[in-house]
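**Student:**
Numbering (my numbering), first residue to last: 255 to 334.
(1) How is residue 332 classed by DSSP in three states: helix, strand or coil?
(2) Which residues in the same chain as residue 258 place their Cβ atom closer than 7 Å to its Cβ, once the five residues preceding and following it in sequence are excluded?
(3) What does a CB cutoff of less than 6 Å around residue 266 pick up in its chain, not counting 5 residues either side in sequence?
(4) By the DSSP assignment, the alpha helix (DSSP H) with residue 273 in it spans what residues?
(5) Whole angstroms is fine: what's the gap from residue 312's alpha carbon to residue 272's?
(6) Hey, how far is the Cα of residue 264 from the Cα of residue 299?
(7) Please return the same chain residues whose Cβ sits closer than 7 Å to the Cβ of residue 282, not counting the five positions on each side in sequence.
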C-alpha cells in the first residue's frame, strides 16, 4: 500500500472523530451556559470545542486532497 493511501486512511477517520468530539464539547459548553455556569468555564470549553472541531475539519480536508491525488493517479494508470 502506498504512503498516500496510508495517510488518507489515517486522516479521514481521525478528522471525522475530532469533529464529532469538538461538537460534543461545544454542546457541553452550551449546556453550561444555559445552566448559568461560570462565564470563563463555558467560554473555555466552547473555545476548546471549536478548536477541536476546526482541527478535525482541517484533517478531513487534507484527507480529501489526498483522495483526489489517489484518484488522479489511478486515472493516469488506467490511461497507460
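Heads up, the beta-carbon is just placed ideally off N, CA and C, and yes, glycines get one too.
**Tutor:** Concretely, from the data shown:
(1) helix
(2) Spatial neighbours of residue 258 in its own chain (CB-CB distance under 7 Å, excluding positions within 5 residues in sequence) are listed in chain order as 320, 323 and 324.
(3) The answer, listed in chain order, is 317.
(4) 257–288
(5) If I take the Cα positions, the gap works out to 10 Å.
(6) Residue 264 and residue 299: Cα-Cα distance of roughly 27 Å.
(7) 299
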